[in-house]
Structure formats: C-alpha cells, structure tokens
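Engineer:
Residue numbers (my numbering): 147 to 421.
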C-alpha cells in the first residue's frame, strides 16, 4: 500500500518541545543558477530547514500559500503564524516571512516557518485531509510554507513559476491560493499553467491517464482566498449563493477564451477537493 504524500514526515512517538524549534522563517527550497541544467537553474534544498524538519516527530499537515506577485501572500502567512495559541512568537519582525514594498520579488523559492503548530491548539479541522478516520488533531502538527509570487517582473519564466507552484502543491496538505478581487478571466488565467501540470510532473512508467490519476491522488485541498473582495454573493437571478457556489460557477467553461477554459478544466480535474 502506498504511503500518502499529503504528509511530509512519518508519524513517530513524541515531538520535541515547541520552544526547541526556531521561531523564524527559514529557506526550504530555493532556485540557484546552474549553467549545466536544461533551464539554467536548479532547485536546492537547505540543510538548516531539513535539520529542523528531521526533529519534528509528529506527522505534519503542511499549509502552503501560493498566488500572484504582490498580492499579500507573505502577510497572510505571517498573520496565520501569529494566530496560534501556545507558541513562542518571533521577537523581531525580520524573523517573519519577508514582506516587501518594492517592485522586486521579496520571497524567492519556498520558505518554511521553523516552529510547527500543534493542531489541537490551533483549531486544525479546516486543514485535515477528509476521508481518513485516523486524522486526529491530537497527533498532528501544522507546518507553514510561503512561496514565491507568480507573474512578477524579473528574470523568471513560465517554467520557473510552474515549478514553484508544483513543488508547493506536492508538499502541501492544504494549498491556499491567494488572489486579489473577483474570480474573473484574469484570475483564472493566473493559473493557466495548471493546464499543463501533468506534462511538468513525471510519474514513472505511466501513460497520460494513469499519470493524471496519480497526480490527482497527490494533490492537496485547494482553498482560494480572495483579497479585497467586496461584492455580494448573488446569482444572476438575484438569489444568495455560497462562496463554494461562486467558485464552482467561476470554474465552469464559458467558451470566451480557450486557454482560460483549459485552465478551468485542469483546476477541476487536479483539485477535486476545493473551496
């Protein structure tokens, strides 16, 4: 039986005290130039973060945030980090995930928060993987990941951004996708590369249908976060709808743009557990 990929570590008997872990953001995966690589860069895992992870003895539910450049992803993650009860908080603002106000990207690669949050102290039911009776908050810890923004200015391309998104999705138990404003064509096209996700991720010795099935089994729960959203949730008939209804309606192909509709179908296929 295959082990679930939704958890980053194997369950063990006991976890170290939380104050034994660094209350700060640490680089987990970054991109470095490599002239010998096909795209001119390679993904590098950082020893400090890996050493911290190796001391986390509980099974980890990984909460990652992805989204557009300069949409407030890191601010959202910093807010979530500070909401936890019973956790030693960082004393210096420089310890938190990087928040910038310039046109250049602040976060590069994927960063992690050094202290895990005990699920029974944080209220972790929202981030548990459904359909498994063993998913008890008593033996889980929550790990926070912040990722590099998509679509910004600079020396990156669609392959680079697809790689960052794919890595964060494969690491996460729950993936927060952060965007500004309404769910319109522009918002959907911000995830246009998801339509080619099965080509970016290789599953050994599987055909296209098997590869897609394997990827769906490995994908996290997707929660789409809308920032600065002030519209009333009503249907075209003027009836109230839920936030989930709003998302599902936005993900229905409308025939206006073939690329956007391909992205919609891919999101529905790869993220069946969404909200």
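Backbone N, C-alpha and C fix where the C-beta goes; we use that ideal spot for every residue, glycine too.
Note that the coordinates shown come from a computational prediction; the quantities given were computed from them, not determined experimentally.
Could you check if residue 380 is buried or exposed, using at least 16 other CB atoms within 10 Å of its CB as the buried criterion?
Structural biologist: Here residue 380 refers to the residue found at position 234 of the chain shown. Result: exposed.
Engineer: Would residue 340 be called buried (16 or more neighbouring beta carbons within 10 Å of its own) or exposed?
Structural biologist: Indexing the chain shown from 1 puts residue 340 at position 194. Classification of residue 340: buried, given that the 10 Å Cβ count is 16 or more.
Engineer: For residue 261, which of 199, 366, 182 has the nearest alpha-carbon?
Structural biologist: Residue mapping note: residue 261 aligns to position 115 of the chain shown, counting from 1. Per the Cα distances, 199.
Engineer: Can you give me the Cβ contacts of residue 317 inside the same chain, cut-off strictly under 7 Å, excluding the 5 residues immediately before and after it?
Structural biologist: The residue labelled residue 317 in the question sits at position 171 within the chain shown. Closer than 7 Å at the Cβ level, and outside the excluded window around residue 317, lie 154, 208, 210, 291.
Engineer: With three or more beta-carbon pairs closer than 8 Å as the criterion, would you say the region 319 to 327 touches the region 360 to 378?
Structural biologist: yes
Engineer: If you count every other CB in all the chains shown that lies within 10 Å of the CB of residue 332, and 16 or more means buried, which is it?
Structural biologist: On the chain shown, residue 332 is found 186 positions in, with the first residue counted as 1. Counting Cβ neighbours within 10 Å, residue 332 comes out exposed, since fewer than 16 surround it.
Engineer: Which of the three DSSP states, helix, strand or coil, is assigned to residue 404?
Structural biologist: For the purposes of this step, residue 404 is taken as residue 258 along the chain shown, with counting starting at 1. The answer is helix: DSSP assigns residue 404 an H, G or I state.
Engineer: Assign residue 365 to one of three DSSP states: helix, strand, or coil.
Structural biologist: On the chain shown, position 219 is the one that residue 365 refers to. In the three-state DSSP reduction, residue 365 falls in the coil class, being neither helix nor strand.
Engineer: Please state the DSSP three-state secondary structure of residue 177.
Structural biologist: Reading the chain shown from its first residue, position 31 is the one you call residue 177. In the structure shown, residue 177 sits in a strand (DSSP, three-state: E or B).
Engineer: Hey, how far is the Cα of residue 177 from the Cα of residue 184?
Structural biologist: Translated into positions along the chain shown, residue 177 becomes position 31. Translated into positions along the chain shown, residue 184 becomes position 38. Residue 177 and residue 184: Cα-Cα distance of roughly 13 Å.
Engineer: Look at the alpha carbon of residue 166 and the alpha carbon of residue 182, and state the distance between them as a whole number of angstroms.
Structural biologist: For this step, residue 166 is matched to residue 20 along the chain shown. For this step, residue 182 is matched to residue 36 along the chain shown. Answer to the nearest angstrom: the Cα atoms are 39 Å apart.
Engineer: Exposed or buried, residue 389, counting other C-beta atoms within 10 Å across all chains shown (16 or more means buried)?
Structural biologist: As a working mapping, residue 389 is identified with position 243 in the chain shown. The residue in question, residue 389, is exposed, as its Cβ has fewer than 16 Cβ neighbours within 10 Å.
Engineer: Within the continuous alpha helix (DSSP H) that includes residue 391, where are the two ends?
Structural biologist: Numbered from its first residue, the chain shown carries residue 391 at position 245. Note, residue 391: alpha helix (DSSP H), 389 to 396.
Engineer: Leaving out the 5 sequence neighbours to the left and right, which residues in its chain are closer than 8 Å to residue 212 when beta-carbon positions are compared?
Structural biologist: Within the chain shown, the letter at position 66 stands for residue 212. Once the five neighbours on either side are set aside, the close Cβ partners of residue 212 are 219, 293, 296, 310, 311, 314, 315, 321, 322, 323, 324.
Engineer: Under three-state DSSP, which class holds residue 415?
Structural biologist: Against the chain shown, residue 415 aligns to sequence position 269. In the structure shown, residue 415 sits in a helix (DSSP, three-state: H, G or I).
Engineer: Would you tell me roughly how many angstroms separate the C-alpha atoms of residue 307 and residue 405, rounded to the nearest one?
Structural biologist: One-based indexing of the chain shown puts residue 307 at position 161. One-based indexing of the chain shown puts residue 405 at position 259. Whole-angstrom Cα-Cα distance: 17 Å.
Engineer: So for residue 309, helix, strand or coil by DSSP?
Structural biologist: Residue mapping note: residue 309 aligns to position 163 of the chain shown, counting from 1. The answer is helix: DSSP assigns residue 309 an H, G or I state.
Engineer: Look up residue 204 in the DSSP assignment and say whether it is helix, strand or coil.
Structural biologist: The residue given as residue 204 occupies position 58 in the chain shown. Coil at residue 204, not helix or strand.
Engineer: Residue 384 to residue 378, Cα distance in whole Å?
Structural biologist: Here residue 384 refers to the residue found at position 238 when the chain shown is read from its first residue. Here residue 378 refers to the residue found at position 232 when the chain shown is read from its first residue. About 10 Å.
Engineer: Sort 360, 386, 418, 214 by Cα distance to residue 373 and report the nearest one.
Structural biologist: Looking up residue 373 in the chain shown gives position 227. Ranked by how close their Cα comes to the Cα of residue 373, the residues 360, 386, 418, 214 have 214 in first place.
Engineer: Verify whether the separation of the beta carbon atoms of residue 413 and residue 393 is less than 7 Å.
Structural biologist: For the purposes of this step, residue 413 is taken as residue 267 along the chain shown, with counting starting at 1. For the purposes of this step, residue 393 is taken as residue 247 along the chain shown, with counting starting at 1. Their beta carbons are not under 7 Å apart, which means residue 413 does not touch residue 393 by this criterion.
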